[in-house]
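First comes the structure, then the notes that go with it.
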Amino acid sequence: MKFGARTDPFGSRRTMIVFTLAAGVAAVGIGLVGGAFRWCLERAGELRGELLVWAHTLGPAGAIVPVSFVAACALIGRIFARITPRASGSGIQDVEAVWHEEEELPGPAVLPARFLGGVIAIGSGMVMGREGPTVHLGATIGADIGRWFRLSDYERKLLYTTVGGAGLAVAFNAPIGGALFTIEEVTRSFRVRVVLITLVTTSVAVGVSRYLVPGGAIFTVPPIATPGFVGLWPYLLFGLLTAPLGVAYNALTMGLLRHTDRMHVRATIRATLIGAIIGAVLWFDPLMVGGGESLTQLQLAGHPFALLTLLALLAVRFLLGPLSYATGAPGGLFAPLLAIGALWGAVFHDVLVAIGGPAAAALLGASPVPFALVGMVAFFTATVRAPLTGIVLIVEMTATTTLITEMFIATAGALFVAALLNAPPIYDSLRDRMLARRGSHGPVVGAKQSSR
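Each residue of the sequence shown is one higher than the one before, counting from 437 in my numbering.
Put into structure tokens, the structure is as follows:
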């Protein structure tokens, strides 16, 4: 039994009732804090856009505005992470480390550091997402609520590791995906207590968050026709080719982190310089930076992008995502991963159509939207190695079910090749690095014992 419990702490009905009540209260807090976090990021994005419009009225000299702005925000985000180290990066690896008994519960200082640092760093245009910080915010709230209810150490850790999915559900308005994330990625457990906590917290948290942010699908997708049986094999090929790209993305992310770990430049200076680079790209093209939701929405809505434009966006975002994460500021990986997956899907479609002509267009369809949508799932699977979570998340985020078969076959291909390449999932690698940097001497079981 995890967390050193000698007997089942849920052996009595009273304990189960108290714990479930604590989980419900935590869910309300997650809905409020997670909803506020998402609302603040949306307002920050609007302000960033207005600032960029004003900067362009200044002529070429206006480039200094976004460069200075993002550099300062990256610095502030890194300072928050320096003051509270467990607020750095995504936070999902921290939740998983506690579940694997490799870390103790963090202190309450993580909550303000991750909230404020995340709003400032992500809101400035860094290529990071809101989902990782929201998961960690939810987990921290769960542990703090457990202390208020005077729960045992076991119960507080269980609450910490299982309510994080409610944070993901709030971030993407995806309650099923958030619940499945807890079961498939964090705990990898279908035990009754885990499922109970997950069902209670995700439903309550999402319901509460809708008082602050609107419900409904994140992305608007036009009706998509279901391909026939003959049209399935290109999706399998697509999934097979997506896996090496996902493995390369993970390798680039970890390689940049290892490189920055060895650098003799102060972390704050490094974050400032990276922020300045992101600011320069922001001045040139806002679609190349940020979490990528606007770019993904344009693709899913059928906006016509030239192939060279798609390749440029893919290449730049493929590099800037890991580079932004290397600042150590609070920020997640999900949203940038989904944007890259959508770009890769569109590139795959357009390249095959350019090579194969009308015959390829008849087989694949004239629009790259289906491949962009499936690409989000396939790339997520190749990097995170949580295929069911990825499929359900995208279905909920797009309210589109007509491509589930294509998602399954592409995901199967991506999972198969990723397993053959024997590359660890990104959060296992991040957890190993985190524990090594903190000097933990506990067993690192993630990448070695992962069954994915």
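Ideal Cβ positions, reconstructed from N, Cα and C, are used throughout, including at glycine.
Could you tell me if residue i is buried or exposed, where buried requires 16 or more neighbouring beta carbons within 10 angstroms of its beta carbon?
{"i": "Asp868", "result": "buried"}
{"i": "Pro658", "result": "exposed"}
{"i": "Pro650", "result": "exposed"}
{"i": "Phe720", "result": "exposed"}
{"i": "Ala661", "result": "exposed"}
{"i": "Ser865", "result": "buried"}
{"i": "Ala872", "result": "exposed"}
{"i": "Pro879", "result": "Confidence at Pro879 is low in this model, with a pLDDT of 41, below 50, so the placement of that residue should be treated as unreliable; the coordinate-derived value is given next. Looking at its Cβ environment, which holds fewer than 16 other Cβ atoms inside 10 Å, Pro879 is exposed."}
{"i": "Asn609", "result": "buried"}
{"i": "Met699", "result": "exposed"}
{"i": "Ala517", "result": "buried"}
{"i": "Leu736", "result": "buried"}
{"i": "Ser526", "result": "buried"}
{"i": "Ala790", "result": "exposed"}
{"i": "Asn686", "result": "buried"}
{"i": "Asp697", "result": "exposed"}
{"i": "Ser887", "result": "Unreliable placement is indicated for Ser887, whose pLDDT of 37 sits below 50; the coordinate value is still reported in the next sentence. Exposed."}
{"i": "Lys884", "result": "At Lys884, the pLDDT of 38 sits below 50, so the modelled position is not reliable; the number obtained from the coordinates is stated separately. Lys884 comes out exposed."}
{"i": "Pro897", "result": "The requested residue 897 does not occur in the structure, where the chain is confined to residues 437 to 888."}
{"i": "Pro496", "result": "exposed"}
{"i": "Gly691", "result": "exposed"}
{"i": "Phe626", "result": "exposed"}
{"i": "Glu482", "result": "exposed"}
{"i": "Val555", "result": "buried"}
Which residue wins for smallest C-alpha separation from residue i, given the options the options?
{"i": "Leu774", "options": "Asp721, Tyr761, Leu829", "result": "Leu829"}
{"i": "Thr637", "options": "Ala459, Ser448, Gly559, Thr841", "result": "Ala459"}
{"i": "Pro806", "options": "Leu824, Leu547, Val831", "result": "Val831"}
{"i": "Gly767", "options": "Ala607, Ala782, Phe455, Leu487", "result": "Ala607"}
{"i": "Gly574", "options": "Leu587, Ile558, Met564, Gly601", "result": "Gly601"}
{"i": "Tyr596", "options": "Ile466, Thr732, Pro548, Leu839", "result": "Ile466"}
{"i": "Ala742", "options": "Leu677, Leu809, Val783", "result": "Val783"}
{"i": "Gly568", "options": "His536, Ser524, Leu594, Pro544", "result": "Ser524"}
{"i": "Thr618", "options": "Ile612, Glu842, Thr598", "result": "Thr598"}
{"i": "Asp580", "options": "Ala533, Val555, Leu541", "result": "Leu541"}
{"i": "Phe582", "options": "Gly738, Leu494, Gly757, Met452", "result": "The residue you asked about is not Phe; residue 582 is Gly in the sequence shown. Measuring from the Cα of Gly582, the nearest candidate turns out to be Met452."}
{"i": "Thr678", "options": "Leu693, Glu620, Thr847, Arg694", "result": "Thr847"}
{"i": "Glu537", "options": "Asp589, Val563, Pro544, Ala557", "result": "Asp589"}
{"i": "Leu487", "options": "Ala703, Leu648, Gly715", "result": "Gly715"}
{"i": "Leu511", "options": "Phe585, Ser760, Phe455, Thr841", "result": "Ser760"}
{"i": "Val752", "options": "Leu799, Leu723, Met690, Leu769", "result": "Leu723"}
{"i": "Pro804", "options": "Thr689, Pro740, Tyr647", "result": "Pro740"}
{"i": "Phe665", "options": "Glu482, Thr841, Glu532", "result": "Thr841"}
{"i": "Glu591", "options": "Met562, Arg629, Gly603, Ile556", "result": "Arg629"}
{"i": "Thr732", "options": "Met833, Arg484, Thr837, Gly691", "result": "Met833"}
{"i": "Thr837", "options": "Thr745, Gly691, Thr656", "result": "Thr656"}
{"i": "Gly738", "options": "Ala653, Ile558, Asp786", "result": "Asp786"}
{"i": "Arg874", "options": "Trp490, Val501, Ala508, Glu539", "result": "Glu539"}
{"i": "Ala684", "options": "Leu468, Ala818, Glu532, Leu718", "result": "Ala818"}
{"i": "Met564", "options": "Lys593, Ala549, Arg522, Gly513", "result": "Gly513"}
{"i": "Cys509", "options": "Val853, His695, Gly553", "result": "Gly553"}
Please check the pair residue i and residue j, which I expect to be a contact at CB under 8 Å, by giving their CB distance rounded to whole angstroms.
{"i": "Gly849", "j": "Gly675", "result": "3 Å"}
{"i": "Gly777", "j": "Gly726", "result": "Going by Cβ atoms, the distance from Gly777 to Gly726 rounds to 16 Å, so no, they are not a contact pair."}
{"i": "Val506", "j": "Ser560", "result": "5 Å"}
{"i": "Pro823", "j": "Leu851", "result": "6 Å"}
{"i": "Ala765", "j": "Glu729", "result": "Their Cβ separation, rounded to whole angstroms, is 19 Å, which puts Ala765 and Glu729 out of contact at 8 Å."}
{"i": "Thr570", "j": "Gly470", "result": "5 Å"}
{"i": "Ile577", "j": "Ala462", "result": "5 Å"}
{"i": "Gly682", "j": "Phe815", "result": "5 Å"}
{"i": "Thr520", "j": "Val546", "result": "6 Å"}
{"i": "Ala796", "j": "Leu788", "result": "5 Å"}
{"i": "Asp566", "j": "Phe473", "result": "Per the sequence shown, the amino acid found at residue 566 is Arg instead of Asp. The Cβ separation is near 7 Å, so the contact holds."}
{"i": "His572", "j": "Asp530", "result": "6 Å"}
{"i": "Ala653", "j": "Ala835", "result": "4 Å"}
{"i": "Val642", "j": "Ala605", "result": "5 Å"}
{"i": "Val534", "j": "Lys593", "result": "6 Å"}
Name, in chain order, the residues that DSSP records as bridge partners for residue i.
{"i": "Pro766", "result": "Gly525"}
{"i": "Gly565", "result": "Gly768"}
| message | Report the start-end ranges of each beta strand (DSSP E) in the stretch 667-720 that is 3 residues or longer and not cut off at the edges. | response | none
| field | Segments assigned alpha helix (DSSP H), at least 4 residues, entirely inside the stretch 800-848 | value | 805-820, 823-834
| message | List, from N- to C-terminal side, the alpha helix (DSSP H) runs of 4 residues or more that fit wholly inside the stretch 586-643. | response | 589-598, 600-608, 611-617
| For the stretch 729-758, which segments carrying the alpha helix (DSSP H) assignment without a break, of at least 4 residues, lie completely within its bounds, in sequence order? | 729-736
| task | Just list the beta strand (DSSP E) runs in the stretch 488-536, keeping only unbroken ones of 3 residues or longer that don't cross its boundaries, in chain order. | result | none
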